[in-house]
Amino acid sequence: MSGIPSSSDQATQLRRLAAEQMIILADKLGLHSEDPFSLQLAAADCNLAFYWIFDSQEKSRAECLSILARFCTQYLPQLVDSIAQKYQYPERYWSMKVEEFEKVYFHGYSQLKAMQALVVYCRPYAEKYLCMSNLGQRAELVGGCALNLLLHETERAQHLMDGSLAPSIHLSDEIRAAVPKILSSFASVSDIVILILLHMSSEARRRCLSSAIVPRLRRVVQELLGWEVPVLDRASFISLFVLLQGRGDGLRPSSSMDEVHGLERCGRRDCAKTIENAQLFQCSRCGVVLYCSKRHQKEDWQDSQRPHKAWCYKTPW
Numbered sequence: 255m256s257g258i259p260s261s262s263d264q265a266t267q268l269r270r271l272a273a274e275q276m277i278i279l280a281d282k283l284g285l286h287s288e289d290p291f292s293l294q295l296a297a298a299d300c301n302l303a304f305y306w307i308f309d310s311q312e313k314s315r316a317e318c319l320s321i322l323a324r325f326c327t328q329y330l331p332q333l334v335d336s337i338a339q340k341y342q343y344p345e346r347y348w349s350m351k352v353e354e355f356e357k358v359y360f361h362g363y364s365q366l367k368a369m370q371a372l373v374v375y376c377r378p379y380a381e382k383y384l385c386m387s388n389l390g391q392r393a394e395l396v397g398g399c400a401l402n403l404l405l406h407e408t409e410r411a412q413h414l415m416d417g418s419l420a421p422s423i424h425l426s427d428e429i430r431a432a433v434p435k436i437l438s439s440f441a442s443v444s445d446i447v448i449l450i451l452l453h454m455s456s457e458a459r460r461r462c463l464s465s466a467i468v469p470r471l472r473r474v475v476q477e478l479l480g481w482e483v484p485v486l487d488r489a490s491f492i493s494l495f496v497l498l499q500g501r502g503d504g505l506r507p508s509s510s511m512d513e514v515h516g517l518e519r520c521g522r523r524d525c526a527k528t529i530e531n532a533q534l535f536q537c538s539r540c541g542v543v544l545y546c547s548k549r550h551q552k553e554d555w556q557d558s559q560r561p562h563k564a565w566c567y568k569t570p571w
């Protein structure tokens, strides 16, 4: 048994690992560059960051959560700023060649996809950031960027399909065969929009959906719901349509969401007490996990599977 680390040692090792790995993740996302429009930055495949997070989650949920929690406390505001600049200042694109624009734009898409992964695999911190009232404008920036990206994908798909996303007898056989591929990118961005909007505060989401582009997106999604394409998840598009109508308060999180105890119930594994049937208190350090008693908080701190000590950080925002 001497070769098996104690839960205390495990938590310490995870915190050390997180301190190293968060820097690697920030590098992959280009967050150590002063210019978010840098072509040298865009040339790096930022899309690898999403798969790096996904692989980390598959390997160990405890490792993934500890890394992403540390990353969020250090880099989440910077990630949001980098995303926002790519969509807030379109004039920066005007002097670019087409291939340069595609690289930088794809980098912004990859950063949004990483934001999606943070919501899925590190919901406690990502959701706290998106829902904080004093950070409402930042949440709206992320949501607005996601909506703009979806509009870009809409225009791209419509251009490739002769102005319509619906099947048409006027489409060439070549284009008709490419429809699933064309719409797969649209579907991927739709998933990003759903997750980000769903985890904002209701007020921030309402302001975000007041954008002038929302009615246009709503018409497009309604059009897509009228026909069947294998690559499209109908349930997902129904959720998107409901959100774009401003009726998202009753929607549930994605089934792929990592279930982290302590958000709506006691953080101790197997404890059945929830915010609905018990009086819970927040961890005073991170402010994201709830407990029903000091005993359960102490036990969860050194939990053998996913010790809270490994991912408990005070947020500077």
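Heads up: the sequence shown is residues 255 to 571, going by our numbering. Yeah, the Cβ is synthetic: ideal placement off N, Cα and C, and Gly gets one too.
Nearest Cα to E477 within the set G541, L437 and K367: L437. Leaving aside the five residues that flank I529 on each side, the residues in its chain whose CB is nearer than 8 Å to its CB run, in chain order, E518, R519 and L544. Around the CB of H286, fewer than 16 other CB atoms lie within 10 Å, so the residue is classed as exposed.
Taking all protein chains in view, the Cβ of D487 is surrounded by fewer than 16 other Cβ atoms within 10 Å, so the residue is classified as exposed. A Cβ-Cβ distance of about 6 Å is found for the pair C376 and C326, placing them in contact under the 8 Å criterion. Annotated three-state conformation of L283 is coil, per DSSP. The beta carbon of G502 sits closer than 7 Å to the beta carbons of L451, L452, R459 and V496 from its chain, once the five residues preceding and following it are set aside; these are given in chain order.
Between F491 and L505, the C-beta gap is not smaller than 8 Å, which leaves the two residues out of contact. Taking a contact to require three or more Cβ pairs closer than 8 Å, the stretch 549-560 and the stretch 356-376 do not qualify as touching.
The continuous alpha helix (DSSP H) containing V474 extends over residues V468 to L478. Relative to Q559, the option among G284, A323, R315 and Q311 whose CA is nearest is R315. With distances taken between CA atoms, D512 lies nearest to A371 out of Q339, V334, K367 and A371.
In the structure shown, Y545 falls within a strand segment according to DSSP collapsed to helix, strand and coil.
In this structure, S465 is the residue among H562, S465 and H361 with its C-alpha nearest to the C-alpha of N402.
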